[in-house]
Structures are given as structure tokens and as C-alpha cells.
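Scroll down for the structure; my scribbles are underneath it.
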Amino acid sequence: MAYCQKREAAAKGQFPQSFEVYGFTIEVHAGGRRVWPPSFKRFVKTKLDLGELIVGDIMEDCNVSQSLVYKWKSDVKSSRVRSVARSEERIFSEVLVNEATQPNRDPETDNRILLTRRESNLSFPVDYPVNDLVTIALAMDSQS
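Numbered according to the UniProt record's numbering, the sequence shown terminates at residue 144, and the numbering increases by one at each position without gaps.
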């Protein structure tokens, strides 16, 4: 019976369009579904991590289940993990040219690209594709 009354109330437009909790405006769709913004989820995670709020308080204030609160924390955590992994991705390797260590230059090797890592020395033609060189350099770096 209560479900039918809620449904009729929603049809008459009696559900609030939005409500405020912890200073955030939470939108409510016509069917009663609440839309929790990412900024609100980050706020909740921060307050939980700092011990300023407990899960029970959030459940009561927001009228949500415990599993939803933990899902918000997980959503925030996984979005940060992905962004950190992307920002730490290597794009290029450092190339150093030291003219002083090669006083006797060989014309044969002057027209080559030398890639040196620990005990490996690789020689490539000058016109070798740069993208392939980068791939090889990254592979050598990951092996060391």
C-alpha cells in the first residue's frame, strides 16, 4: 500500500525536485531516484577517512544503505587510481650525448643510432622509425 501511495505522490509531482545534505544539492528524478554527484562522494570519503563522520550518520542523514556508502568510497578510490596510473606512465626515455667520451669518431657509426642500457648495446640506422625506438627503449627500461 505504501508503495502505491508513493507512486501516486510521484505522479502528482509531490516528490521534491532536489534536497540538501551536508551543503550539497542532491537532484531527485521524477521516479524518486536520487543522483549523488561525484563531489559529494569525494566529500563523504574524505570525512570518513578523517573520522569526522561515521557510516551510520551518513546512512541516517542521506537515507541510504551501508553498502551504498561503501560503494561511494570505492568509486572515489578507483577513479583516483586510474588517474594516477595515467599520469605516471612514461612517454619517453632520456637520451644523453657526450661528445667528450668519443674523441675518435668512426664515420660508419656516426650514421647510426646507438641505444645503450646496462650490458646491452643496440645500433639502428639513422632513418629508423622514432616510435619503434621509443618502444624498444621502454622495453629495455622495463627489463632492467
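All C-beta atoms in this analysis are idealised placements derived from N, C-alpha and C, irrespective of residue type, glycine included.
In this structure, DSSP gives SER65 a state outside helix and strand, which the three-state scheme calls coil. In this structure, the alpha-carbon of VAL28 lies about 17 Å from that of SER65. Classified as buried, VAL44 has 16 or more neighbouring CB atoms from the shown chains inside 10 Å of its CB. Assignment of PRO125 by DSSP, reduced to helix, strand and coil, places it in the strand class.
Burial of ILE58 is indicated by the presence of at least 16 other C-beta atoms within 10 angstroms of its C-beta. Here VAL35 has GLU27 as same chain residues with Cβ atoms under 6 Å from its own Cβ, once five neighbours each way along the sequence are excluded. Beta-bridge analysis with DSSP links ARG117 to SER120. If you look at VAL21, you'll find it in the beta strand (DSSP E) that goes 18 to 21.
The residue from VAL55, SER39, ALA30 with its alpha-carbon nearest to that of PHE24 is SER39. As a beta-bridge residue in DSSP terms, PHE24 pairs with VAL21. DSSP places VAL44 in the uninterrupted alpha helix (DSSP H) bounded by 38 to 50. DSSP places VAL35 in the strand class (E or B) of the three-state scheme.
Looking only at GLU52, ASN63, THR46, the smallest Cα-Cα distance to ASP75 is reached by THR46.
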